[in-house]
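Asks: The structure follows.
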Amino acid sequence: MTADRTALDRLSPEPPFPSPRPEVESLHAYSAPLEGRRQMLRLDFNENTIGPSPKVVEALRAIPADHIAIYPEYDGLKEAVIANLGLPLQPDQVGLFNGVDAAIHAIFHAYGDRGETLLTTSPTFGYYTPCAQMQGMAIEPIPYEGEAFAFPLERIRNALQSGPRLLLICNPNNPTGTRLAPERILGLAAAAPQTLVVVDELYEAFTGDSVLPLADFSAVPNLLVLRSLAKTAGLAGLRIGFAIGHAAVVDRISRVTGPYDINSFAVTAAFAALSDQAYVDDYVAEVIQARAWMGEQLRAAGVRHHVEGGNYLLIWPKGDPAAVDQALREAGILVRAMSGKPLIDGSLRVSIGTLDQMQRFWAAYQRIEGLAA
Ligand SMILES: Cc1ncc(COP(=O)(O)O)c(C=O)c1O
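Start counting the sequence shown at 15; every next residue gets the next number (this note's numbering).
Below, the structure is given as C-alpha cells:
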C-alpha cells in the first residue's frame, strides 16, 4: 500500500464511521501554504511586513503570568474600537471575533441556510465560498468586468432582486484591488432589505473608501462591516477582528461564537494597537508610496500588471508563472500564485511592503524575468 493510499484511507475510513453533514463531506477546506515563511520576505498574504507598534510588543511582554491562567476579559475593548474609529457607535454595535475569518464563519452560521444564496463577486477572497458550502448554500459569483476588473454593479443590482440571503462585497477587493464607492454600497443595501450586505473592509486603510462614516444602521440594519487589526496593525498572528453594524445583527452573529474565542494576548495587543493609530497611519502611508513606486516600475518596464486599492497588486509574468514563483522563493521572496482563479489565472499577487522591500522584490523579479535593470 502506498503512503498516498494510506493517507486517503485515513480521510475516508470504511464504515462504521460517524457521518458528518453531507455539506461537510463534500467540502474542500480553505487551505493556505503557511509553513516555513518566517525567514523569507513575505509578500504572499498581504500582511503588515514590519510588525506591530512597539507599544504592542511592550504590552504583551508586560502580561503577568497569572493572566495566562484566567479566562480573557473584554471590558472596554468595544469602546476602544469605537474611539479609534471616531464614530458615534454604541458598544453593542461592535462584535469581537477571533479574526475576520471567524466573523465570516459566524455570519454564515447565523444567516446562511441550506438552499439559500450567497451573492458575491469573482474572483474574491477565498474563504467566503467554503463558508457558504458548509451551510449548503448556493453561490452566485458575478465576475469583475473588463481589463480593469470593474465592479459589476448592474449585475449585482439585478441579482439582488431575486433575494439572496447574503451579499458579500470585499472593498477594496482581494485580489483585484477593485474599489467601490461607499455610496454605491449603501444604495445596494437600501434596495435589498431582506439581504444581509456584508462589506469586508480588511484593506480599507489603503483606499479610505469605508462605508462606516456614512452608515446609519438604524435606517439600513441589513449592512454589516468587517474590520481587522491583521493587515495594517500587524496582529495577524494574534487573530482579532470586528463586525460593526446594527446591534441586532451583531447580537445574532455573536450568538454562534464561543464565550472566550478571543484570547487574552489578542485583547492586550488590540488595546495597545488601537491606542497607537499614528504607527498604523505611518505604515499605511509608506505602503501607499511603495505601491505607487512599484506601479511606475512595472509600467516603465512594460510588465502587464493591475494595481488599484489594497496593499497588493497583480503581475502577469512573461515566463511560466509557477517557475517565476519558484525562482522568487529561491531568492527568499514569497508571492501568491493566482493559478486557477477566474479572470486572473497566470498572475502572481504581490503584497506591498516598504519601499526597501519592494526594491528587493523588483531587483529579483527583473533578474528572473530577464528585464533590463
Ligand atoms: C478580504 C479578506 N478578508 C478577511 C481576511 C481574514 O482576516 P483575519 O486575519 O482578520 O481573519 C483576509 C485575509 O487574508 C482577507 O484578505
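Each residue gets a CB set at the ideal place from its N, CA and C atoms; glycine is no exception.
With distances taken from CA atoms, which of L132, Y293, G316, R128 is nearest S389?
Replies: Outside the displayed range of the chain (15 to 387) lies residue 389, so it cannot be described from this structure.
Asks: Helix, strand or coil for S119? Go by DSSP, reduced to three states.
Replies: Before going on, a small fix: residue 119 reads as His here, not Ser. Residue state, collapsed to three classes: helix.
Asks: When you compare only the Cα positions, how much space is there between Y274 and A314?
Replies: So the alpha carbons of these two residues sit roughly 51 angstroms apart.
Asks: By alpha-carbon positions, which one of E154, A206, T221 ends up nearest to N185?
Replies: Of the listed residues, the one whose Cα sits closest to N185 is T221.
Asks: So what does DSSP say about Y297, is it helix, strand or coil?
Replies: Looking at Y297 - three-state DSSP - the assignment turns out to be helix.
Asks: Give the C-beta separation of L238 and G259 to the nearest angstrom, bearing in mind that I take them to be a contact with Cβ-Cβ under 8 angstroms.
Replies: The Cβ separation is near 4 angstroms, so the contact holds.
Asks: Going by Cα to Cα distance, which pick from I267, M151, W376, I121 is closest to E37?
Replies: It is M151 whose Cα lies nearest to the Cα of E37.
Asks: Cβ of N185 versus every heavy atom of ligand 1: is any distance shorter than 7 angstroms?
Replies: Flag unset: Cβ of N185 not near ligand 1.
Asks: Does the count of Cβ pairs from the stretch 46-64 and the stretch 363-372 closer than 8 angstroms reach three?
Replies: Yes, since at least three Cβ pairs between the stretch 46-64 and the stretch 363-372 fall closer than 8 angstroms, the two stretches touch.
Asks: In the DSSP output, what is S136 paired with across the bridge?
Replies: Answer is P157.
Asks: Closest by CA to F256, which one among V263, R241, R266?
Replies: For F256, the nearest C-alpha among the options comes from R241.
Asks: Can you round the beta-carbon distance between I267 and A120 to whole angstroms, since I take them to be within the 8 angstroms contact cut?
Replies: So it is a contact: roughly 4 angstroms between Cβ atoms.
Asks: Look at the alpha carbon of P207 and the alpha carbon of P235, and state the distance between them as a whole number of angstroms.
Replies: Between P207 and P235, the C-alpha separation is close to 8 angstroms.
Asks: Using a Cβ-Cβ cutoff of less than 8 angstroms, which residues in the same chain neighbour S232 once the five nearest sequence positions on both sides are dropped?
Replies: Closer than 8 angstroms at Cβ, skipping near neighbours: H260.
Asks: For the beta strand (DSSP E) containing R169, list its first residue and its last residue.
Replies: Unbroken run through R169 is the alpha helix (DSSP H), 167-174; no beta strand (DSSP E).
Asks: By the 10 Å Cβ neighbour count, where 16 or more other Cβ atoms means buried, how is V225 classified, buried or exposed?
Replies: The residue is buried, with at least 16 neighbouring Cβ atoms inside 10 Å.
Asks: Excluding the 5 residues preceding and the 5 following V270 in the sequence, name in chain order all residues of the same chain whose CB lies nearer than 7 angstroms to its CB.
Replies: Excluding positions up to five away in sequence, the list reads A120, H123, A124.
Asks: Let me check understanding here. Comparing Cα to Cα, which of P86, E49, G333 lies closest to R318?
Replies: When only C-alpha atoms are compared, the closest one is G333.
Asks: Since G307 and L348 are thought to touch, with beta carbons under 8 angstroms apart, how far apart are those beta carbons, to the nearest angstrom?
Replies: As written in the sequence, residue 307 is Trp, which differs from the Gly given in the question. About 20 angstroms separates the two Cβ atoms, so there is no contact after all.
Asks: Can you give me the Cβ contacts of E197 inside the same chain, cut-off strictly under 6 angstroms, excluding the 5 residues immediately before and after it?
Replies: Taken in chain order, the list of residues that qualify is empty.
Asks: Throw me the rounded Cβ distance for the T246 and Y326 pair, which I believe falls under 8 angstroms.
Replies: Between Y326 and T246 the Cβ distance is about 13 angstroms, and since that is not below 8 angstroms, they are no contact.
Asks: Closest by CA to C280, which one among I64, E39, I82, N172?
Replies: Looking at the sequence provided, one finds Ala at residue 280 rather than Cys. When only C-alpha atoms are compared, the closest one is I82.
Asks: Keeping to the same chain, check which residues put their C-beta closer than 6 angstroms to that of L194; ignore five residues upstream and five downstream.
Replies: So the list reads F165, N185, once near-sequence residues are dropped.
Asks: Tell me which residues pass a beta-carbon proximity test against ligand 1: closer than 5 angstroms to any heavy atom, given in chain order.
Replies: Ordered along the chain, the selected set is G113, V114, D115, F139, C184, N188, D214, L216, S242, A244, G255.
Asks: Per DSSP, C145 is paired with what?
Replies: Paired residues: none, contrary to the question.
Asks: For Y379, which residues in the same chain have their Cβ closer than 6 angstroms to its Cβ, ignoring the five residues on either side in sequence?
Replies: Contacts found: none.
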